[in-house]
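Structure, as structure tokens:
Number of protein chains: 2
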Amino acid sequence: MQRAPEHLRFAVLAADVALFTIRDKKLYVRLMRVNRPPHFPDTSGLPGGLIREDETAEMAATRILAERGHIDASKVYIEQLATFSEVTRDPRSRVVAVAYLALVPWETLSSIEQSDSDEAFWQLVERAPKLAYDHDHVLRNAHERLRSRISYSTLICKIVPKEFTLSELQAAYESLRGEFLDKRNFRKKMDMLDVLTPLKKKRTGVRARPALLYRFTSPKVLITPQL
Amino acid sequence: MQRAPEHLRFAVLAADVALFTIRDKKLYVRLMRVNRPPHFPDTSGLPGGLIREDETAEMAATRILAERGHIDASKVYIEQLATFSEVTRDPRSRVVAVAYLALVPWETLSSIEQSDSDEAFWQLVERAPKLAYDHDHVLRNAHERLRSRISYSTLICKIVPKEFTLSELQAAYESLRGEFLDKRNFRKKMDMLDVLTPLKKKRTGVRARPALLYRFTSPKVLITPQL
DNA sequence: TCCTAACAGTGTATATTTGACACCCTCCCC
DNA sequence: GGGGAGGGTGTCAAATATACACTGTTAGGA
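Chains A and B, in that order, are what the protein sequence lines are.
Residues in the first sequence are numbered from 1 upward in steps of one, following our numbering.
Residues in the second sequence are numbered from 1001 upward in steps of one, following our numbering.
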């Protein structure tokens, strides 16, 4: 395939990823350390990088998550968020970024992936610092989308482990929505939605009565009527 | 601002627009005649074109709507839909397209804008032909998004004229959802949502009892609980 | 072994929302 | 002034949402 004339190709394409996880009932996002004087000395940003000629934006997003975020993308759910094309969003040259919203269950991460390194680290979303480029904007956008989709789809199935107790699922909802829910009403609702399959196992190793484990009946993200 | 090295700039950027309107209670989309042998002889496509160096994708979308779709974008509501980056979506060269969902009230269009020309025309969505490039995919995506956002936001305010009767508003919902609603329940719901302001005017010139006119209290698209 | 902390699991009563359903009213036009 | 076209209105039953509190089971430590 030919390339278009050079003068029409003024921009480079990038993929940026807002990868969220829930750890200890709190929402975290994966950030990179960024140190690019003069504009962005000693700051942070979302994992991002350039799209290659033989890649779609989505392929680039998963590759970048692995290469730069050090997260194996095979466990990660990813969906397109939006494209950011402000002319000066990168002060060095014209960069148009396709941003992705990504989710991963903390429990599926390896201990290396769970830990912070010199390059990448997990950051509590509610304490996120100011980010480089327009990544503040991207992150807010991603967080907003996450919160709203959680309410009317089974998107949450992508951020909890395969097997979970109802209390764990409820805690995940609570982390994402930032409010507490009533245990009985939550269970009634889940029962009605009919998206969970009870397993024949229980959660052991906790100093309490073992709870029944469940999983989502379908791995797909389904649209549901509320909650 | 500098350009990035040439080898990183392999793609051109395009903006494609799916512009919808409601005419005679039916949903139409603005299409262009496309005749680009050998791949796309004698077919149709969404209005689209290349993004310029000094433009954001959204600026390009509105410019293209005017230049190619012959629709004055100042009356048009536009929001980003998604970015399509399949490597071979345009068989000639790598083109990454940022697609937009756009809405306009039929009544605000000039008679030139309402009419079809050699280049652009209005097409009943439910009878849309096969389109060039991946525009089928883009159109389905846009239609889907339109239908779903209509149900839980006041997005519909962007496709009805400023002033309307409740029956007209109901007809717009029905066109978009493809199903009929009960008049009394619809009015009860609208009343509860508390997003409409009744005017002191009535719709005249119809051969029937004049209906009270309303407008949306806020011109913004608000998230609402259902309908 | 017994106590207790920690969490699992369950039901009811009330308020709110949804959905089905039909008739008379007003105006314009002939 | 009669007819046609659309405007405007209320009730009941069913489904859903919300508020609310106690008993049961286990592991761990005294």
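All C-beta atoms in this analysis are idealised placements derived from N, C-alpha and C, irrespective of residue type, glycine included.
The structure displayed is predicted, hence computed values, not measured ones.
At 4 residues or longer, and completely inside the segment 1002-1065 of chain B: list those alpha helix (DSSP H) runs for me, N to C. DSSP runs (the alpha helix (DSSP H)) wholly in the segment 1002-1065 of chain B: none.
Residues sharing a beta bridge with A:Ile112, DSSP: Position 112 of the first sequence holds residue 112 of chain A. BP columns for A:Ile112 are empty, so no partner.
So, is the C-beta of A:Met192 closer than 8 Å to a C-beta in chain B? Taking the first residue of the first sequence as position 1, residue 192 of chain A is located at position 192. No, its Cβ sits nowhere closer than 8 Å to a Cβ of chain B.
Which residues in chain A sit within 7 Å of B:Glu1144, going by Cβ to Cβ distance? The sequence position of residue 1144 of chain B within the second sequence is 144, counting from 1. Under the 7 Å cutoff, chain A gives no residues; its nearest Cβ is about 11 Å from B:Glu1144.
At the 8 Å Cβ level, is A:Arg92 part of the contact set with chain B, yes or no? In the first sequence, residue 92 of chain A corresponds to position 92, counting from 1. So yes, A:Arg92 belongs to the interface.
According to the neighbour-count rule (16 or more other Cβ atoms, all chains shown, within 10 Å of its Cβ), is B:Ile1112 buried or exposed? Taking the second sequence and counting its residues from 1, one reaches residue 1112 of chain B at position 112. Taking all protein chains shown into account, B:Ile1112 has fewer than 16 neighbouring C-beta atoms within 10 Å of its C-beta and is therefore exposed.
Local conformation of B:Pro1125 per DSSP, three classes: Locating residue 1125 of chain B in the second sequence gives position 125, where the first residue counts as 1. Reading off the sequence shown, one finds Val at residue 1125 of chain B, where the question assumed Pro. B:Val1125 falls in the helix class under three-state DSSP.
Taking buried to mean at least 16 other C-beta atoms within 10 Å of its own C-beta, is B:Phe1020 buried or exposed? Reading the second sequence from its first residue, position 20 is the one you call residue 1020 of chain B. Per the 10 Å Cβ criterion, buried.
Can you name the residues that DSSP bridges to B:Glu1179? Taking the second sequence and counting its residues from 1, one reaches residue 1179 of chain B at position 179. Paired residue(s): none; B:Glu1179 is not in a bridge.
Give me the chain A residues within the contact set of B:Ser1153, using Cβ-Cβ distance strictly less than 8 Å, ordered along the chain. Here residue 1153 of chain B corresponds to residue number 153 of the second sequence, with the count starting at 1. Ordered by position in chain A, no residue passes the 8 Å Cβ test against B:Ser1153, which lies about 11 Å from the chain.
Give the straight-line distance between the Cα atoms of A:Glu86 and B:Glu1058, rounded to the nearest whole angstrom. By 1-based counting over the first sequence, the position of residue 86 of chain A is 86. By 1-based counting over the second sequence, the position of residue 1058 of chain B is 58. The alpha-carbon atoms of A:Glu86 and B:Glu1058 are separated by roughly 9 Å.
Whole runs of the alpha helix (DSSP H) within the segment 1140-1181 of chain B, excluding any shorter than 4 residues: Fully enclosed alpha helix (DSSP H) runs of 4 or longer: 1166-1177.
Less than 8 Å between the C-beta atoms of A:Pro105 and A:Ile159, yes or no? For the purposes of this step, residue 105 of chain A is taken as residue 105 along the first sequence, with counting starting at 1. For the purposes of this step, residue 159 of chain A is taken as residue 159 along the first sequence, with counting starting at 1. Going by beta carbons, A:Pro105 and A:Ile159 fall inside the 8 Å limit.
Taking 8 Å as the cut-off, decide whether the C-beta atoms of A:Tyr173 and A:Leu196 are in contact. Working through the first sequence from its first residue, we reach residue 173 of chain A at position 173. Working through the first sequence from its first residue, we reach residue 196 of chain A at position 196. For A:Tyr173 and A:Leu196, no; Cβs fall outside 8 Å.
Going straight from the alpha carbon of A:Met192 to that of A:Leu27, what length do you get? Locating residue 192 of chain A in the first sequence gives position 192, counting from the first residue. Locating residue 27 of chain A in the first sequence gives position 27, counting from the first residue. So the alpha carbons of these two residues sit roughly 27 Å apart.
Quick check on the burial criterion: 16 or more other C-beta atoms within 10 angstroms. Buried or exposed for A:His39? Counting from 1 along the first sequence, the entry for residue 39 of chain A is found at position 39. Classification of A:His39: exposed, given that the 10 Å Cβ count is below 16.
At least one CB of chain A closer than 8 Å to the CB of B:Gln1114: is that the case? In the second sequence, residue 1114 of chain B corresponds to position 114, counting from 1. Look at B:Gln1114: its C-beta is not under 8 Å from any C-beta on chain A.
State yes or no: is the beta carbon of A:Arg240 nearer than 8 Å to at least one beta carbon in chain B? Since the displayed chain A opens at 1 and closes at 227, residue 240 of chain A lies outside it and no answer follows.
Three-state class that DSSP yields for B:Ala1208 in the structure shown: As a first step, residue 1208 of chain B is located in the second sequence; it is residue number 208 there, counting from the start. Assigned with DSSP and collapsed to three states, B:Ala1208 falls in coil, not helix or strand.
Compute the Euclidean distance between the alpha carbons of A:Arg92 and B:Pro1037, then round it to the nearest angstrom. Counting from 1 along the first sequence, the entry for residue 92 of chain A is found at position 92. Counting from 1 along the second sequence, the entry for residue 1037 of chain B is found at position 37. When the Cα atoms are used, A:Arg92 and B:Pro1037 turn out to be separated by approximately 39 Å.
Beta carbon of B:Ile1223 nearer than 8 Å to that of B:Tyr1152: Counted from its first residue, the second sequence places residue 1223 of chain B at position 223. Counted from its first residue, the second sequence places residue 1152 of chain B at position 152. Between B:Ile1223 and B:Tyr1152, the C-beta spacing is below 8 Å.
With a CB to CB cut of under 6 Å and the five nearest residues on each side skipped, what residues in its chain are close to B:Cys1157? As a working note, residue 1157 of chain B is residue 157 in the second sequence. Only Phe1216 meet the Cβ criterion.
Report the neighbours of A:Ala132 on chain B: residues whose CB is nearer than 8 Å to its CB, in chain order. Along the first sequence, one-based indexing puts residue 132 of chain A at 132. The premise fails here: A:Ala132 is roughly 17 Å from chain B at the closest Cβ pair, so nothing lies under 8 Å.
What's the gap between the Cα of A:His70 and the Cα of A:Glu107? The residue given as residue 70 of chain A occupies position 70 in the first sequence. The residue given as residue 107 of chain A occupies position 107 in the first sequence. For A:His70 and A:Glu107, the distance between alpha carbons rounds to 16 Å.
CA nearest to the CA of A:Arg68, picked from A:Ala4, A:Leu124, A:Ala120: Position 68 of the first sequence, counted from the start, is the residue given in the question as residue 68 of chain A. It is A:Ala120.
My output table needs one value for A:Arg215: the three-state DSSP class, helix, strand or coil. One-based indexing of the first sequence puts residue 215 of chain A at position 215. Here A:Arg215 sits in strand by DSSP.
Compile a chain-ordered list of the residues in the segment 1008-1039 of chain B whose CB is closer than 7 Å to at least one CB of chain A. Within the segment 1008-1039 of chain B, the residues whose Cβ lies closer than 7 Å to some Cβ of chain A are Leu1008, Arg1009, Phe1010, Ala1011, Val1012, Leu1013, listed in chain order.
Proximity below 8 Å, CB of A:Val17 to CB of A:Leu50: Numbered from 1 along the first sequence, position 17 holds the residue referred to as residue 17 of chain A. Numbered from 1 along the first sequence, position 50 holds the residue referred to as residue 50 of chain A. It is not a contact, given that the beta carbons lie outside the stated cut-off.
Please state the DSSP three-state secondary structure of B:Ala1132. Within the second sequence, the letter at position 132 stands for residue 1132 of chain B. Note: B:Ala1132 maps to coil in three-state DSSP.
If you measure from the beta carbon of A:Val138 to each beta carbon in chain B, is any gap under 8 Å? Working through the first sequence from its first residue, we reach residue 138 of chain A at position 138. It does not: the Cβ of A:Val138 has no partner Cβ on chain B nearer than 8 Å.
With distances taken Cα to Cα, identify the nearest neighbour of B:Arg1127 among B:Glu1006, B:Leu1031, B:Pro1225. Taking the first residue of the second sequence as 1, we reach residue 1127 of chain B at position 127. Per the C-alpha coordinates, the member of B:Glu1006, B:Leu1031, B:Pro1225 positioned closest to B:Arg1127 is B:Leu1031.
Whose Cβ in chain A lies nearer than 8 Å to the Cβ of B:Leu1261? Residue 1261 of chain B is absent from the structure shown; chain B starts at 1001 and stops at 1227.
Local Cβ density within 10 Å of A:Phe180, reported as buried at 16 or more and exposed below that: Within the first sequence, residue 180 of chain A is the residue found at index 180, counting from 1. A:Phe180 is exposed by the Cβ-count criterion.
Would you tell me roughly how many angstroms separate the C-alpha atoms of B:Ala1211 and B:Gly1045, rounded to the nearest one? As a working mapping, residue 1211 of chain B is identified with position 211 in the second sequence. As a working mapping, residue 1045 of chain B is identified with position 45 in the second sequence. C-alpha separation (whole angstroms): 39 Å.
Taking B:Pro1041 as the reference, which of B:Ala1102, B:Gln1080, B:Leu1131 has the closest Cα? For this step, residue 1041 of chain B is matched to residue 41 along the second sequence. Out of B:Ala1102, B:Gln1080, B:Leu1131, B:Leu1131 has the C-alpha closest to the C-alpha of B:Pro1041.
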